[in-house]
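Below is one structure, written out as structure tokens; comments come after it.
Residue numbers (this note's numbering), protein chains in the order written: chain B, 1 to 277; chain S, 278 to 548.
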């Protein structure tokens, strides 16, 4: 992507990142996944939420990176952090201990109950629906795996998800539940002690989705400017529902676009200035 | 008490065929020099344990040293797949690879349990995940005080723990700074341990709460300057992100990987 200064025009990717950034507020502690969540969380920190506390699973607490990390443990995260703790301490005290307001995650597959799959895309499915054990034994594409997500999703007070919208990604049932949204039937969090309330918002390049308060099925609550209902229906692998009071997502501001583009330009410059093998 | 050794002698003495080995370092301080020495000494049938296999295990798997891999996130960070690991899982090349898959929280807890001398790790995890369906090491346990169901997995107690660190003093005490990952837990949970360091110094100049491993917790210390490249050592050199990107091409193809192995590992002298 080229850096440009025209703030009347923006890409759908920029719209997604900025909308995701707006979900974070200044007083939150956020456990940040690498990639899109990290980009959004840092845009939030550099715009409306300067005091948002960003925490990465590498142990870096209250970090303020100048450029986006390529890996979860880049030196930049440590050097700009208030302090860095061990990885067991990060997961035990800070996450499991209940100090995280929001887990901010990406995914490879998401289903109607906001379950996430980053483990395996199945080669085929047995009669009668999807089954994680069967998918695992019959992989078509092997994905990296869970990392921190399975426990971020249950131990953070709530979860934000940001992912590009496509039929391949938004499936009726994920091939494998790496990380629970609301389970295969939408009731996976019911009657459990000490579990967060789960995904509260999903931000894509087309729209904003939220779980129905009763069924927990994701429904579209806001369309990004220029996106139609048909666009979303076309990019979703189940019969997607729309909220009665469907909103239009506010456009990115000049400042937000400027901050995002500067951040990406700084990042690109920093990561390309490396020696060859 | 620790001995100062060459890396070649340390691996020859402490790493045996069939061992379970954890070479750790969470993105930072990945002990690549030690991994390459294990490849050069042609160790076989290893059970490797590591939260993020990273390039180091892609290399060991591709070189045919490994029969079992325990991990919690198996990608090339910021880039994509680990092609040598995938080739082993999908095509048994260069040999079959058994995998045991966890989450980060699980492995971090299991290392800590190993360091604490416990048989198992107990934590609030895997709720609603389907990983317990495919990993028989994931069990649950009922809290005797509250009745809450919690996840339980076996402690990690590797035969050999290998880490890289910034420096050791002349007595063999080791200082680790920056993202310390599970470095301390690996050394304390392992039966035998090797630490590679950037340099030996007269005085570690530690602050009271610094992450220090006393000499008597370590079996061998080997000096390996730039021993964590292409990962990084805080205070010494940065992560070579470009190397990680180029690895995608090198490792995608068996021939180009084998050429890399010859020129960059077997063709290199002793550290």
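The beta carbon of each residue, even a glycine, is placed where N, CA and C say it ideally should be.
Report task. Please classify residue 267 of chain B: is it buried, with 16 or more other beta-carbons within 10 angstroms of its beta-carbon, or exposed? Result -> One-based indexing of the first chain puts residue 267 of chain B at position 267. Buried, by the Cβ-count rule.
Query - Length of the line joining the Cα atoms of residue 250 of chain B and residue 203 of chain B - result: Mapped onto the first chain, residue 250 of chain B falls at position 250. Mapped onto the first chain, residue 203 of chain B falls at position 203. Cα to Cα, the separation comes out at about 13 angstroms.
Requested in this report: Measure the alpha-carbon distance for residue 176 of chain B versus residue 183 of chain B and round it to whole angstroms.
Outcome: Reading the first chain from its first residue, position 176 is the one you call residue 176 of chain B. Reading the first chain from its first residue, position 183 is the one you call residue 183 of chain B. Here the alpha carbons of residue 183 of chain B and residue 176 of chain B stand approximately 11 angstroms from one another.
Requested in this report: With DSSP as the reference, label residue 78 of chain B as helix, strand or coil.
Outcome: Residue 78 of chain B sits at position 78 when you count from the first residue of the first chain. Residue 78 of chain B falls in the helix class under three-state DSSP.
Query raised in the report: Listed in chain order, which residues of the segment 128-142 of chain B have Cβ atoms closer than 7 angstroms to some Cβ of chain S?
Result: 132, 133, 136, 142
Query - Start-end ranges of the beta strand (DSSP E) lying completely within the segment 177-250 of chain B, minimum 3 residues - result: 199-203, 207-211, 218-223, 241-248
Query raised in the report: Mind checking residue 485 of chain S: buried by the 16 CB within 10 Å criterion, or exposed?
Result: For the purposes of this step, residue 485 of chain S is identified with residue 208 of the second chain, where counting begins at 1. The residue in question, residue 485 of chain S, is exposed, as its Cβ has fewer than 16 Cβ neighbours within 10 Å.
Requested in this report: Spell out a yes or no on whether the segment 481-495 of chain S and the segment 455-469 of chain S are touching, meaning 3 or more CB-CB pairs, one atom from each, closer than 8 angstroms.
Outcome: yes
Requested in this report: Give the single residue among B:79, B:90, B:171 whose Cα lies nearest to the Cα of residue 59 of chain B.
Outcome: For the purposes of this step, residue 59 of chain B is identified with residue 59 of the first chain, where counting begins at 1. It is B:90 whose Cα lies nearest to the Cα of residue 59 of chain B.
Query raised in the report: What residues from chain S crowd round residue 179 of chain B, counting only those whose CB sits closer than 9 angstroms?
Result: To locate residue 179 of chain B, count along the first chain from 1; it is residue 179. Among the residues of chain S, those whose CB is under 9 angstroms from the CB of residue 179 of chain B are 380, 405, 406, following chain order.
Query raised in the report: So who's on the other strand from residue 262 of chain B, going by DSSP bridges?
Result: To locate residue 262 of chain B, count along the first chain from 1; it is residue 262. Paired residue(s): none; residue 262 of chain B is not in a bridge.
Requested in this report: Can you tell me which of the three DSSP states residue 299 of chain S falls into?
Outcome: Taking the second chain and counting its residues from 1, the one referred to as residue 299 of chain S is at position 22. If DSSP states are grouped into helix, strand and coil, residue 299 of chain S belongs with the strands.
Query raised in the report: How about residue 18 of chain B and residue 43 of chain B: do their beta carbons lie closer than 8 angstroms?
Result: Translated into the one-based positions of the first chain, residue 18 of chain B becomes position 18. Translated into the one-based positions of the first chain, residue 43 of chain B becomes position 43. Yes, the pair counts as a contact, with Cβ atoms nearer than the cut-off.
Query raised in the report: Does residue 277 of chain B have its Cβ less than 8 angstroms from a Cβ in chain S?
Result: Taking the first residue of the first chain as position 1, residue 277 of chain B is located at position 277. Residue placement at residue 277 of chain B is poorly supported in this model, since its pLDDT is 45, which falls under 50; the coordinates are not used for a value here.
Report task. May I ask you to list, following chain order, the residues of the segment 191-210 of chain B that have a beta carbon less than 7 angstroms from some beta carbon of chain S? Result -> 192, 193, 194, 195
Report task. Kindly say whether residue 34 of chain B, judged by its beta-carbon, lies nearer than 8 angstroms to any beta-carbon of chain S. Result -> In the first chain, counting from the first residue as 1, residue 34 of chain B sits at position 34. At least one beta carbon of chain S lies nearer than 8 angstroms to the beta carbon of residue 34 of chain B.
Report task. With 8 angstroms as the threshold, decide whether the Cβ of residue 386 of chain S is near any Cβ in chain B. Result -> In the second chain, residue 386 of chain S corresponds to position 109, counting from 1. At least one chain B Cβ lies under 8 angstroms of residue 386 of chain S.
Query raised in the report: Just to confirm, are residue 383 of chain S and residue 428 of chain S a CB contact at a threshold of 8 angstroms?
Result: Here residue 383 of chain S is taken as the residue at index 106 of the second chain, counted from 1. Here residue 428 of chain S is taken as the residue at index 151 of the second chain, counted from 1. Their beta carbons are under 8 angstroms apart, which means residue 383 of chain S touches residue 428 of chain S by this criterion.
Report task. Closer than 7 angstroms by C-beta to residue 352 of chain S: which residues in its own chain qualify, once you throw out the five before and the five after it? Chain order, please. Result -> To locate residue 352 of chain S, count along the second chain from 1; it is residue 75. Cβ contact annotation for residue 352 of chain S (same chain, cutoff 7 angstroms, sequence separation greater than five): 358, 359, in chain order.
Query raised in the report: Hey, residue 243 of chain B and residue 219 of chain B are a contact pair by Cβ (cut 8 angstroms); roughly how many whole angstroms apart?
Result: Locating residue 243 of chain B in the first chain gives position 243, where the first residue counts as 1. Locating residue 219 of chain B in the first chain gives position 219, where the first residue counts as 1. Indeed, because the Cβ distance is near 6 angstroms, the residues count as touching under 8 angstroms.
Query raised in the report: Is any beta-carbon of chain S found at less than 8 angstroms from that of residue 231 of chain B?
Result: Here residue 231 of chain B is taken as the residue at index 231 of the first chain, counted from 1. Not an interface residue.
Report task. Keeping to the same chain, check which residues put their C-beta closer than 7 angstroms to that of residue 39 of chain B; ignore five residues upstream and five downstream. Result -> Within the first chain, numbered from 1, the residue matching residue 39 of chain B stands at position 39. Here the set comprises 17, 68.
Query raised in the report: So with Cβ pairs under 8 angstroms, would you call residue 313 of chain S a contact of chain B?
Result: Residue mapping note: residue 313 of chain S aligns to position 36 of the second chain, counting from 1. Residue 313 of chain S does not count as touching chain B.
Query raised in the report: Name the chain S residues that come within less than 7 angstroms of residue 57 of chain B, Cβ to Cβ?
Result: Locating residue 57 of chain B in the first chain gives position 57, where the first residue counts as 1. Within chain S, the residues near residue 57 of chain B are 381.
Query raised in the report: What separation, rounded to the nearest whole angstrom, lies between the Cα atoms of residue 151 of chain B and residue 544 of chain S?
Result: What you label residue 151 of chain B is simply residue 151 of the first chain in a count that begins at 1. What you label residue 544 of chain S is simply residue 267 of the second chain in a count that begins at 1. Taking the straight line joining both Cα atoms gives about 43 angstroms.
Report task. Within the same chain, show all residues whose beta-carbon is closer than 7 angstroms to that of residue 56 of chain B, passing over the 5 residues directly before and after it, in chain order. Result -> The residue given as residue 56 of chain B occupies position 56 in the first chain. Here the set comprises 32, 63, 72, 77.
Query raised in the report: Leaving out the 5 sequence neighbours to the left and right, which residues in its chain are closer than 7 angstroms to residue 300 of chain S when beta-carbon positions are compared?
Result: Here residue 300 of chain S refers to the residue found at position 23 when the second chain is read from its first residue. 308, 311, 312, 327, 333, 439.
Query raised in the report: Is there contact here, the segment 137-145 of chain B with the segment 195-202 of chain B, by at least three beta-carbon pairs under 8 angstroms?
Result: no
Query raised in the report: Near residue 51 of chain B, which residues of its chain fall below 6 angstroms by C-beta distance, leaving aside the five closest residues on each side in sequence?
Result: Counting from one through the first chain, the residue named residue 51 of chain B turns up at place 51. Cβ neighbours of residue 51 of chain B beyond the five flanking positions: 26.
Requested in this report: Give the single residue among S:476, S:413, S:285 whose Cα lies nearest to the Cα of residue 500 of chain S.
Outcome: For this step, residue 500 of chain S is matched to residue 223 along the second chain. The residue with the shortest Cα to Cα distance from residue 500 of chain S is S:476.
**Report entry** Residues of the segment 149-169 of chain B whose Cβ lies closer than 9 angstroms to any Cβ of chain S, in chain order
**Finding:** 149, 150, 151, 152, 153, 154, 155
Query - chain S residues whose Cβ lies nearer than 7 angstroms to that of residue 263 of chain B - result: To locate residue 263 of chain B, count along the first chain from 1; it is residue 263. The premise fails here: residue 263 of chain B is roughly 16 angstroms from chain S at the closest Cβ pair, so nothing lies under 7 angstroms.
Query raised in the report: Who are the near neighbours of residue 85 of chain B in its chain, counting only those whose CB is closer than 8 angstroms to its CB and skipping five residues on each side?
Result: As a position in the first chain, residue 85 of chain B is number 85, starting the count at 1. Excluding positions up to five away in sequence, the list reads 59, 61, 93, 94.
Requested in this report: Hey, could you find the ends of the beta strand (DSSP E) residue 348 of chain S is sitting in?
Outcome: Translated into positions along the second chain, residue 348 of chain S becomes position 71. Segment 343-348, the beta strand (DSSP E) holding residue 348 of chain S.
**Report entry** Chain-order list of residues whose beta-carbon lies under 8 angstroms from that of residue 276 of chain B (same chain, five-residue window excluded)
**Finding:** Along the first chain, read from residue 1 onward, the residue named residue 276 of chain B stands at position 276. Only weak support is given to the placement of residue 276 of chain B: the predicted model assigns it a pLDDT of 46, under 50, and the value that follows is read from those uncertain coordinates. Result list for residue 276 of chain B: empty, nothing under 8 angstroms.
Query raised in the report: When DSSP labels each residue in this structure, what does residue 59 of chain B get in the three-state scheme?
Result: Taking the first residue of the first chain as 1, we reach residue 59 of chain B at position 59. Reduced to three states, the DSSP call for residue 59 of chain B is coil.
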